[in-house]
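All remarks here apply to the structure that follows.
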Amino acid sequence: MVDSVQDDSMVIKLYINGLEQPGGEAANVGTTLMLGMSTSVGAVTVEAAFIDGPTGEIQGVAADSRRGSCMNSSPWSNWQDVEDAMDDWADEITQSFDDIHEAAGKKMEQ
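Using this note's numbering, read the sequence shown as starting at 21 and increasing by one per residue.
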């Protein structure tokens with residue numbers, strides 16, 4: 021990570037859209053107590069743009085939407101579904117960059 025554009029840097033812009041907080045909390049509490057699970061689900065969409073630092077040229081774009089599960093891991097949290105989606109995306113982005121870094125290292129060794 022750098023604080024200014026470098027010759028070999030990439031700018032990553034993330035946009036959060038379609039953020040939906042679960043609704044119907046009173047009904048959801050009753051369902052959670054009776055069934056042991058939450059029927060409340062949230063939703064979120066993340067869009068990303070990958071931009072060449074020096075030229076400003078877009079190298080790639082991606083978008084992904086997630087909707088929560090009825091088996092919410094924290095039924096008392098209004099935002100647990102969204103938090104879970106963000107955690108998943110962070111893990112997936114980290115793994116993708118690790119894979120790219122590993123592949124680049126193997127290519128340079130050849």
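Just so you know, even glycine gets a beta-carbon here, dropped at the ideal spot from N, CA and C. Since the model is a prediction, treat every value here as computed from it, not as a measurement.
DSSP, reduced to helix, strand and coil, places GLY76 outside both helices and strands of the structure shown, so it counts as coil. Per DSSP, the beta-bridge partners of LYS33 are ALA69. Relative to the Cα of ASP108, the nearest Cα in the group GLU129, ARG86, TRP99 and GLU122 belongs to ARG86.
If you draw a straight line from the Cα of VAL102 to the Cα of ALA68, it is about 17 Å long. Look at VAL64 here: in three-state DSSP terms it is strand. A Cβ-Cβ separation of about 7 Å places THR65 in contact with ALA83 under the 8 Å criterion. Partner residues in a beta bridge of GLU122, as assigned by DSSP, do not exist.
The Cβ atoms of SER29 and GLY76 do not sit closer than 8 Å to each other.
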